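**Student:** Would you mind keeping the following structure in view while I ask a few things?
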Amino acid sequence: MSAPQSIADVESLIKRLYTPGEQHVVIQQQLQDLQKSPDGWQLGDALLSSTDVNVRFFGALTFTVKLNGPFDDDTAVAVLERLKYWLKCLAQDTPLVVGKLMTALVTYFLRTPVTWQKPHQELTALLGGAQELADSQLIALLLFSSTLAEETNKMEYAHHAALHLRMEQEIIGATDLMTLGLERTKKNALQCFAAWTNYAQPRWSTKGALRSLQALTIPMMQCLYDMDDDIESEALTVFTDLLESYVTFFNQDQLDLIAQTIDNTSGSIGADSISSQQCQLVIAYGVATIETMVAKPQSFKAQVVLKQMVEVLQLPYAHDDEDLTLLCIEFWNAFVEYVVENADLEPTALTYVKDIIFQSITLLWRKIFIPPTLKFDEDFKTCRTDIADLISMVYMVLDAGLVHRLIELLALSLRNDDWQGVEAAVFFLNAIADNVLEYDRLDERLAPIFEPLFTKDFNNYVRRTIIDMIGEYGAFLMRNAEYIPHAVRYLFGSLDTPLANVAARSIYELCSTCRQKLTGDLDAFIAQYGTLTDTYVKEKVIGGIAAIIQALKPREQKIKPLLQLIQSVEGQGLSTLLCLAAIGKGSQEPADQTSVVDNFWQHEGKVVQDRIIGCFVLDGTGESIDAVCQIIRSGCTETSGPFVFQPSVTVGLLQQCTVETPQVESVLAVAALLIVQHSRSRSKRINVEAQAILDHVVRLMQALGHPSQDPSISSNCLDIISRLLKEYFAIVQSHEALPFLLNFAVQAIEAHDITPKRSALDMWARVLKHSNSEAIVLEAGPVLTQVLIRQVAGIGQRSDLDAVNEPLKALFSARPAEAKRFVEAALWSDAFPDVNGRIGDAEKRRFLAQLVALRGGPRVKEVVRDFYAACRGVVTSYS
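Residue numbering for the sequence shown follows full-length UniProt numbering, beginning at 1 and increasing consecutively.
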């Protein structure tokens, strides 16, 4: 594409830029080159005289581009004259052109080497004076003022202090324009007011310039009453933002006037007609004056807001007005939170506030009613969740009073067969279950509601919430065992409904919590299990039954029912393994139960373990291997139990694996867990099994050849070696493949994959910290150090530096003399990366000296970070 030779050619090029199908990237680059050229000033000037609006826009843009580059005093004077000329000519042009012209004038003010004094007054006079301005000219000047405030606001005060001082002088001209704008173009005046208050906020807290702006507050506030919806909307946005971010801008009289405005508006339109924007203003005002709301709840300001917020809660179903409801909940959250955090309120005020909150319970309860049509969307679910969170906070204020009220509402709804009321009350009780169940003092109040809930016939929405309640109130049922049979029947009855999965989860939770109370019903549970067909339901229910079996005493009584469960799931492939994993989880001892350490399950109970292990039939799929690993893991947290297998079980599973085995990572993770278990101070050492695990891990690593071949397997193999180092260091150190292991771990550090890199760095840190690592350090130290130094010299990622620091610190801490020698060799090695050519001998010597002086101390992190930044060219020097 040939370069343009004339202004006409440039105009043609600009028009093509706005034509579909043209080579826009090439055209844009040509035009940018022209704009930045020495003739750019003349080009912009010529283009502004075009009859095409896009060309004129481009002309104004060209001035802005040039103004962002260097120019001298003489040019500055000439450019301002041309810009003023074009403003006078084009002040009534399209908003597109005028807006870009104003941007150019603002850029001039910010960038000119020649101070431009009082631009507001000068531009106003240029267009004929304030009283002679056409509306379009006034809009243009307000746009200039808004843009000036917005762009100056982006400039740091410390670097542009003189410019910000000049802005204090400009506020007079700006407020004059805003005052005039309130008479003729209110929306633009409001936008200008918002821009200047936003600019003033961090800078003018005590300056006289702020008073000129504050004097406009009340006139601007009149726009809140405007009959024009656009103007009212703009005013609501401006004052809401001010209340949320800059409430100190208002004096007390102005805040009182806003309260009066809210009262007048709400009184004239009613809560059912309030818009989201109006509601936002009320909430912003309420939150901004929350201290008064709570400390003086009977004051006019508080009553205005509280009345409005209560009226919003009184509106019908939340699914019809989610926006308003969610906004309203924001206020009540702030209100209740302030009460919670300020418990030392004056008693009269606290009593009044509690009454207000208490009255809101019924409104909130009705607000979450599921609609009669049973149709609602995700927004309604969100609304219910937010209100439930609010109710949880209300409990912190009202305590038992909230529970009493919810039980009253529930009882009333049960009497009236009001399923919506029942569901909403139970939903709220579920939200505060953790608080209510902390002590048993409320059990007497809760008791009467349970049996009716389990015996009445409700739709699935209510049934779902009641099922959730059974799970939430397990501790209550544990203390009041007479209700457990009702709950159990209710849950099993729900397994034939669309709520089967939810019911199955609650069965598991109930059995887990109340296991000791359910041992007498064990046979019935096992019989019921035999009727189930759904896989997920079977897993959950069998896990619950296993929890009941765990509670049987003496332990001999557990053998028969466990064998019954295992027999009921045998021979079903993957389903067998998943059910066994569920039995394993259910068989875990409760956290508050004292463990018994003995060999019962390896002797009397061995028949159970043999039966479980006999089910470990792998079909070659990742799912079956994962399931077996879940079964083994279920016993890893226990000291004794049917799922606490001999270490040989894990070793045998690992030895069946190759690098091609699906989910071999899961098996490696279980092997690592076994090593950790048997590295604890009071645990039995398993040297034979540890040797077997290491041998097989070495075979897997040799099969891979390089960490990048399979980063996940490599990472897990390195993790196992790391775990072995604590108590089985001699086994690792004496292994015939030790050189290969160490080299593999070095290669992992230089690999691009993050998981093996982090695992290798952790392994090396553990090796270097070990008291018997001298031989390894002498053999592998130089190569390892070279790789570490390459990482901190810019080859590695910044996010890896903390991990790289650990072996480096360990090396200097444990072997300072060797560390100095190794690092020195690495810094002056040919392998040292020349990332940006700025790191010379002086910088290297300084880095080495700092590492030596710190001897592996905490500040190594800072030194490494600074050296890395210098190597990457992020900082100009390393000093």
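Beta carbons are placed, not taken as given, at the ideal position from N, Cα and C, and that holds for glycine.
Quantities reported herein were computed from a predicted structural model and do not represent experimental measurements.
Figure out for me which residue from Ile-754, His-706, Gln-702 and Leu-668 has the closest Cα to the Cα of Ser-722.
**Tutor:** Comparing Cα-Cα distances from Ser-722 to each of Ile-754, His-706, Gln-702 and Leu-668, the minimum goes to Leu-668.
**Student:** For Ile-290, count neighbouring C-beta atoms within 10 Å of its own C-beta (all shown protein chains included) and say buried if the count is 16 or more, exposed if not.
**Tutor:** Label assigned to Ile-290: buried.
**Student:** Consult DSSP for Ser-624 and reduce its assignment to one of helix, strand or coil.
**Tutor:** Correct three-state label for Ser-624: helix.
**Student:** Below 8 Å, can you find three or more Cβ-Cβ pairs linking the segment 618-629 to the segment 638-649?
**Tutor:** Judged by Cβ distances under 8 Å, the segment 618-629 makes no contact with the segment 638-649, as fewer than three pairs qualify.
**Student:** Could you check the C-alpha separation between Tyr-18 and Gln-32 for me, to the nearest Å?
**Tutor:** Roughly 15 Å separates the two Cα atoms.
**Student:** With Pro-347 as the anchor, note down where its alpha helix (DSSP H) starts and where it stops.
**Tutor:** From DSSP, the alpha helix (DSSP H) with Pro-347 extends over 347-367.
**Student:** What are the boundary residues of the alpha helix (DSSP H) that Phe-380 is part of?
**Tutor:** Segment 378-398, the alpha helix (DSSP H) holding Phe-380.
**Student:** Can you have a look at Met-763 and say buried or exposed, based on whether 16 or more other CB atoms are within 10 angstroms of its CB?
**Tutor:** Per the 10 Å Cβ criterion, buried.
**Student:** Contact between the segment 486-503 and the segment 454-468: three or more CB pairs below 8 Å?
**Tutor:** With a cut-off of 8 Å, the segment 454-468 and the segment 486-503 count as touching, because enough Cβ pairs lie within range.
**Student:** So is Lys-540 buried or exposed if we call it buried at 16+ other beta carbons inside 10 Å?
**Tutor:** It is buried - the Cβ of Lys-540 has at least 16 other Cβ atoms within 10 Å.
**Student:** Buried or exposed for Pro-70, please, with buried defined as at least 16 other CB atoms from any protein chain shown within 10 angstroms of its CB.
**Tutor:** Classification for Pro-70: exposed.
**Student:** Can you tell which of Tyr-483, Asp-418 and Gln-308 has the C-alpha that lies nearest to the C-alpha of Pro-372?
**Tutor:** When only C-alpha atoms are compared, the closest one is Asp-418.
**Student:** Could you give the residue range of the alpha helix (DSSP H) that holds Ser-759?
**Tutor:** That run of the alpha helix (DSSP H) goes 754-769.
**Student:** What residues in its chain sit with their C-beta under 8 Å from that of Gly-40, if we drop five residues either side in the sequence?
**Tutor:** Excluding sequence neighbours, Gly-40 sits near Leu-34, Thr-62, Val-65 and Lys-66.
**Student:** Does the segment 782-789 touch the segment 815-831, meaning 3 or more C-beta pairs lie closer than 8 Å?
**Tutor:** The answer is yes - the segment 782-789 touches the segment 815-831, with three or more Cβ pairs under 8 Å.
**Student:** Can you tell me the Cα-Cα spacing of His-696 and Ala-671, whole angstroms?
**Tutor:** Those two C-alpha atoms are separated by around 11 Å.
**Student:** Do you know offhand how far Leu-350's Cα is from Gly-286's?
**Tutor:** Between Leu-350 and Gly-286, the C-alpha separation is close to 17 Å.
**Student:** Take Ile-548 as the anchor and find which of Ala-78, Gly-530 and Ala-524 has the nearest alpha-carbon.
**Tutor:** Closest by alpha carbon: Ala-524.
**Student:** Can you tell me whether Lys-66 is helix, strand or coil according to DSSP?
**Tutor:** Lys-66 falls in the helix class under three-state DSSP.
**Student:** Report the residue from Pro-448, Phe-832, Tyr-85 and Glu-779 whose alpha carbon sits nearest the alpha carbon of Glu-818.
**Tutor:** The shortest C-alpha separation from Glu-818 is found at Glu-779.
**Student:** Measuring straight from C-alpha to C-alpha, what distance separates Gln-797 and Ala-760?
**Tutor:** The straight-line gap from Cα to Cα measures roughly 15 Å.
**Student:** Just tell me which of Thr-531, Asp-229, Ile-542 and Trp-196 has its CA closest to the CA of Ala-215.
**Tutor:** Out of Thr-531, Asp-229, Ile-542 and Trp-196, Trp-196 has the C-alpha closest to the C-alpha of Ala-215.
**Student:** Looking only at its own chain, which residues have a Cβ that is under 6 Å from the Cβ of Gly-44, when we skip the five neighbours before and after it?
**Tutor:** Taken in chain order, the residues that qualify are Gly-59, Thr-62 and Phe-63.
**Student:** Does DSSP classify Pro-20 as helix, strand or coil?
**Tutor:** The answer is coil: DSSP assigns Pro-20 none of H, G, I, E or B.
**Student:** Leaving aside the five residues before and after Tyr-728 along the sequence, list all residues of the same chain whose C-beta is less than 6 Å from its C-beta, in chain order.
**Tutor:** Excluding sequence neighbours, Tyr-728 sits near Ala-690.
**Student:** State buried or exposed for Leu-13, treating a residue as buried only when at least 16 other CB atoms are found within 10 Å of its CB.
**Tutor:** Buried: at least 16 other Cβ atoms inside 10 Å.
**Student:** Please classify Phe-52: is it buried, with 16 or more other beta-carbons within 10 angstroms of its beta-carbon, or exposed?
**Tutor:** In the sequence as displayed, the identity of residue 52 is Asp instead of Phe. With fewer than 16 other Cβ atoms within 10 Å, it is exposed.
**Student:** Which same chain residues, not among the five before or five after Ile-357, have their C-beta less than 7 Å away from its C-beta?
**Tutor:** Answer for Ile-357: Val-336, Val-394, Val-397 and Leu-398, listed in chain order.
**Student:** Between Arg-203, Ile-612, Lys-684 and Asp-802, which has its C-alpha nearest Pro-647's C-alpha?
**Tutor:** Minimum Cα distance to Pro-647 is reached at Lys-684.
**Student:** Going along the chain, which residues of its own chain have a beta-carbon closer than 8 Å to the beta-carbon of Phe-600, five neighbours each way excluded?
**Tutor:** Closer than 8 Å at the Cβ level, and outside the excluded window around Phe-600, lie Arg-555 and Ser-640.
**Student:** Alpha carbon to alpha carbon, how far is Asp-73 from Thr-115? Give it in angstroms, no decimals.
**Tutor:** Spanning the two alpha carbons is a distance of roughly 10 Å.
**Student:** Tell me which residues share the same chain as Ser-268 and place their Cβ nearer than 7 Å to its Cβ, disregarding the 5 neighbours each side in the sequence.
**Tutor:** Because Ser-268 carries a pLDDT of 48, less than 50, the predicted location of this residue cannot be relied on, and no value is offered for it.
**Student:** Looking at the unbroken alpha helix (DSSP H) that takes in Trp-196, where does it start and where does it end?
**Tutor:** Start and end: 186-200.
**Student:** Can you list, in chain order, the stretches of the alpha helix (DSSP H) that have 4 or more residues and sit fully within the segment 571-651?
**Tutor:** Correct list: 574-586, 606-614 and 622-634.
**Student:** Can you tell me which of the three DSSP states His-696 falls into?
**Tutor:** Looking at His-696 - three-state DSSP - the assignment turns out to be helix.
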